[in-house]
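Mind the numbering: the sequence shown is residues 1 to 243 in the numbering used here, read in order.
Each residue gets a CB set at the ideal place from its N, CA and C atoms; glycine is no exception.
Just so we're clear, the structure is a prediction, and the values are computed from it rather than from any experiment.
To start, the structure itself, in structure tokens.
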Amino acid sequence: MTTPVAGIIIGNEVLTAKVTDANGPLLVKRLRDRGLALALLATVPDDVDAIVETVQLARRRARNIVTSGGIGPTHDDVTVRAVALALGRRVVRLPEIEAKVKEHYGKRATPQAMRLADAPEGAELVYQDGIWYPVLACDGVFMLPGVPDLFRIQLETVLGRLPRGTLTTAAMYLSATEPEIARALDEVALSMPHVPIGSYPTFDASLGYKVKVTVEHPEPGPVREVVARLEKLLPAGCILRLE
Numbered sequence: 001m002t003t004p005v006a007g008i009i010i011g012n013e014v015l016t017a018k019v020t021d022a023n024g025p026l027l028v029k030r031l032r033d034r035g036l037a038l039a040l041l042a043t044v045p046d047d048v049d050a051i052v053e054t055v056q057l058a059r060r061r062a063r064n065i066v067t068s069g070g071i072g073p074t075h076d077d078v079t080v081r082a083v084a085l086a087l088g089r090r091v092v093r094l095p096e097i098e099a100k101v102k103e104h105y106g107k108r109a110t111p112q113a114m115r116l117a118d119a120p121e122g123a124e125l126v127y128q129d130g131i132w133y134p135v136l137a138c139d140g141v142f143m144l145p146g147v148p149d150l151f152r153i154q155l156e157t158v159l160g161r162l163p164r165g166t167l168t169t170a171a172m173y174l175s176a177t178e179p180e181i182a183r184a185l186d187e188v189a190l191s192m193p194h195v196p197i198g199s200y201p202t203f204d205a206s207l208g209y210k211v212k213v214t215v216e217h218p219e220p221g222p223v224r225e226v227v228a229r230l231e232k233l234l235p236a237g238c239i240l241r242l243e
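This is the structure:
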């Protein structure tokens with residue numbers, strides 16, 4: 001995979017089980033579909049300090065960051081302010097969005113509604129068909145709403161701006177247990193640390209295997225090499241199938 005991306009899910013409602021997060025799992029799936037590595041996925045409360053700390057951590061690990069939640073007009077919507085602080089920028093009111101808020105809400109455009117026009121200084125407005133409010137983008141941070149239907153639509157707009165990556169995968173289904181295969185995995189992982197190898201045991205006999213080993217890399221060559229090495233080192237006859 002290439003171009004690491006980080007995700008930050010923001011909201012007390014997720015951490016207190018008032019709602020079940022749908023945006024994090026969707027982000028994971030859509031990034032993988034496009035061959036993009038997810039460097040970090042964090043869930044944080046509606047707290048400025050927590051968001052600032054997490055954005056700063058994410059920027060050390062990923063080129064682009066997608067946030068979910070906290071961009072509305074109420075007291076607990078603090079994402080814009082926190083992202084601005086994390087980026088060392090001021091919060092400014094953007095006339096372009098201010099006009100859209102007034103047009104959208106009409107007589108209901110209260111002073112609180114106008115908070116929707118606030119953004120980190122220098123933010124870019126990324127529009128998409130069918131939604132009047134744009135994605136706020138600043139220094140590789142894309143601020144998306146927490147409402148799942150809106151997040152899903154705007155995520156596709158963000159993904160369209162990121163270069164696609166590539167991903168080659170392989171899966172080995174084994175009849176051996178993890179203790180029996182650990183030595184082989186150790187040897188290959190140490191010799192090829194740039195190729196992620198995963199080991200996932202199951203205790204569901206109906207699946208017909210005991211451990212699933214996965215191998216992935218942007219290029220097919222390293223994946224083939226790891227699989228070939230494992231075929232030689234794993235206990236004889238334990239490979240049930242290879243996908």
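Taking the C-alpha atoms as reference points, what is the distance between I51 and P45? Residue numbering aside, residue 51 sits at position 51 when the sequence shown is read from its first letter. Residue numbering aside, residue 45 sits at position 45 when the sequence shown is read from its first letter. Approximately 8 Å between the Cα atoms of the pair.
Span of the beta strand (DSSP E) holding E216? Counted from its first residue, the sequence shown places residue 216 at position 216. It spans 211-217 - the beta strand (DSSP E) in which E216 sits, taken as one unbroken run.
Report buried or exposed for S206, applying the criterion of at least 16 other Cβ atoms within 10 angstroms of its Cβ. Start at 1 with the first residue of the sequence shown, and residue 206 comes out as number 206. Exposed, because fewer than 16 other Cβ atoms sit within 10 Å of the Cβ of S206.
When the Cβ atoms of the region 207-225 are set against those of the region 163-177, are three or more pairs found closer than 8 Å? Judged by Cβ distances under 8 Å, the region 207-225 makes contact with the region 163-177, as three or more pairs qualify.
What are the uninterrupted segments assigned as alpha helix (DSSP H) that are 4 or more residues long and contained completely in the region 27-82, given in chain order? With a minimum length of 4 residues, the continuous alpha helix (DSSP H) runs that stay inside the region 27-82 are 48-61.
Distance, Y133 Cα to E124 Cα: As a first step, residue 124 is located in the sequence shown; it is residue number 124 there, counting from the start. As a first step, residue 133 is located in the sequence shown; it is residue number 133 there, counting from the start. Near 12 Å, if we compare the C-alpha coordinates of Y133 and E124.
Report back the beta-carbon spacing between A113 and V101 to the nearest angstrom; my notes put them in contact at under 8 Å. Residue mapping note: residue 113 aligns to position 113 of the sequence shown, counting from 1. Residue mapping note: residue 101 aligns to position 101 of the sequence shown, counting from 1. About 6 Å separates the Cβ atoms of A113 and V101, confirming a contact at the 8 Å cut-off.
Compare the C-alpha of V80 against each of G106, A119, I65, A58 and name the closest. Position 80 of the sequence shown holds residue 80. Of the candidates G106, A119, I65, A58, A119 places its Cα closest to the Cα of V80.
Terminal residues of the continuous beta strand (DSSP E) containing S199? As a position in the sequence shown, residue 199 is number 199, starting the count at 1. Per DSSP, the continuous beta strand (DSSP E) segment holding S199 begins and ends at 197-201.
Our contact map puts A82 next to A6 with C-beta atoms below 8 Å; I'd like the distance itself, whole angstroms only. Here residue 82 refers to the residue found at position 82 when the sequence shown is read from its first residue. Here residue 6 refers to the residue found at position 6 when the sequence shown is read from its first residue. With a beta-carbon spacing of about 15 Å, A82 and A6 fall beyond the 8 Å limit used to define contacts.
I'd like the list of long-range same chain contacts for P269, defined as Cβ closer than 6 Å, with 5 residues on each side in sequence excluded. Nothing can be reported for residue 269: it is not among the residues displayed for the chain, which extend from 1 to 243.
Would the region 156-170 and the region 222-232 be scored as touching if the rule is three or more Cβ pairs under 8 Å? Flag = yes, the region 156-170 and the region 222-232 touch.
Bridge partners - E124, DSSP secondary structure assignment: Taking the sequence shown and counting its residues from 1, the one referred to as residue 124 is at position 124. In the DSSP assignment, E124 is bridged to A137.
Between the Cα of E13 and those of M192, D77, C238, L26, spot the shortest distance and give me the residue it belongs to. In the sequence shown, counting from the first residue as 1, residue 13 sits at position 13. Of the listed residues, the one whose Cα sits closest to E13 is D77.
The alpha helix (DSSP H) spanning R152 covers which residue range? Counted from its first residue, the sequence shown places residue 152 at position 152. If you look at R152, you'll find it in the alpha helix (DSSP H) that goes 148-159.
Report yes or no: do the region 141-150 and the region 53-69 share at least 3 C-beta pairs separated by less than 8 Å? Touching, per the Cβ criterion.
Going along the chain, which residues of its own chain have a beta-carbon closer than 8 Å to the beta-carbon of G165, five neighbours each way excluded? Residue 165 sits at position 165 when you count from the first residue of the sequence shown. Answer for G165: M1, T2, T3, R34, G35, L36, A37, P218, listed in chain order.
For the alpha helix (DSSP H) holding V244, just list the boundary residues, first then last. Examination of residue 244 is not possible in this model, given that the chain is present from 1 through 243 alone.
Answer with buried or exposed for L242, where buried requires no fewer than 16 other C-beta atoms within 10 angstroms of its C-beta. In the sequence shown, counting from the first residue as 1, residue 242 sits at position 242. L242 should be labelled exposed.
Kindly give me the distance between the Cβ atoms of G140 and R89, rounded to whole angstroms, as I take these residues to be in contact under 8 Å. One-based indexing of the sequence shown puts residue 140 at position 140. One-based indexing of the sequence shown puts residue 89 at position 89. The pair is not a contact, with the Cβ atoms about 13 Å apart (cut-off 8 Å).
Locate the alpha helix (DSSP H) running through V14, then write down its first and last residues. Indexing the sequence shown from 1 puts residue 14 at position 14. Per DSSP, V14 belongs to the alpha helix (DSSP H) from 12-15.
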